[in-house]
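Student:
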Amino acid sequence: MKKRVTLTFPRRTIQMPVTYRLAKDFNVAANIIRAQVAPNQVGKVVVELSGDIDQLDAALDWLRSQDVGVSLANREILIDEDSCVHCGLCTGVCPTEALTLDPKTFMLNFTRSRCIVCEQCVPTCPVEAISTNF
Ligand code: SF4
Ligand code: SF4
2 MKKRVTLTFP RRTIQMPVTY RLAKDFNVAA NIIRAQVAPN QVGKVVVELS GDIDQLDAAL
62 DWLRSQDVGV SLANREILID EDSCVHCGLC TGVCPTEALT LDPKTFMLNF TRSRCIVCEQ
122 CVPTCPVEAI STNF
């Protein structure tokens, strides 16, 4: 899967070989879309990360642990919990298991960190409980 994120590097981490560490330690490929980096300044890099979803999450956790600011693309899926009837139809099309039914309660769970905003779930909902913020 792919995630587009904005990374903000404090001055002390600006020299960190991030793309190398992401590839070597997490098997995550980093494609830099845009970079604003200058010596002794806070740096901002927009990057598309590709890899296994769990390793992507681990890579983002590692970046945060290194005091790198991580901002996920702000396109989001919205679930209207008042409208949802927990039919589970949306879980059948979700490629990342961001949408699942709780095996005990049969209630819908949405794990936002797994969502790649592919929008496949939006048209499946019979009560139009799923929408986007864009
Ligand atoms: S947009 Fe919907 S189907 Fe796609 S990953 Fe997110 S929750 Fe799953
Ligand atoms: S398809 Fe709609 S109503 Fe059914 S579980 Fe998903 S969000 Fe809820």
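The opening position of the sequence shown corresponds to residue 2 in the numbering used here, with each subsequent residue numbered one higher. By construction, the Cβ of each residue, glycine as well, lies at the ideal position given by its N, Cα and C atoms. Computed from a predicted model, the values in this text were never measured in an experiment.
Taking the alpha helix (DSSP H) that V43 falls in, what are its first and last residues?
Tutor: From DSSP, V43 is part of no alpha helix (DSSP H); its letter is neither H nor E.
Student: V29: buried (16+ other C-beta within 10 angstroms of its C-beta) or exposed?
Tutor: Buried, since its Cβ has 16 or more Cβ neighbours within 10 Å.
Student: Please give the ranges of any alpha helix (DSSP H) in the stretch 42-121, keeping only runs that are unbroken, at least 4 residues long and fully inside the region.
Tutor: Runs of the alpha helix (DSSP H) inside the stretch 42-121: 54-66.
Student: Is Q121 near ligand 1, going by C-beta to nearest heavy atom under 8 Å?
Tutor: Yes, the beta carbon of Q121 sits closer than 8 Å to at least one heavy atom of ligand 1.
Student: Rounded to whole angstroms, how far is the Cβ of L57 from the Cβ of K4, which I believe are closer than 8 Å?
Tutor: 6 Å between Cβ atoms; contact.
Student: Identify, in the order they occur along the chain, each residue of the same chain with its Cβ nearer than 7 Å to the Cβ of T101, setting aside the five sequence neighbours on each side.
Tutor: Result list for T101: T92 and N110, in chain order.
Student: Relative to the alpha-carbon of D81, which residue among Y21, T133 and I33 has its alpha-carbon at the smallest distance?
Tutor: For D81, the nearest C-alpha among the options comes from T133.
Student: Just to confirm the assignment, what range does the beta strand (DSSP E) spanning T20 have?
Tutor: Not the beta strand (DSSP E): T20 falls in the alpha helix (DSSP H), residues V19 to F27.
Student: Tell me the residue span of the beta strand (DSSP E) that contains R12.
Tutor: Where R12 is concerned, there is no enclosing beta strand (DSSP E), given that its DSSP letter is neither H nor E.
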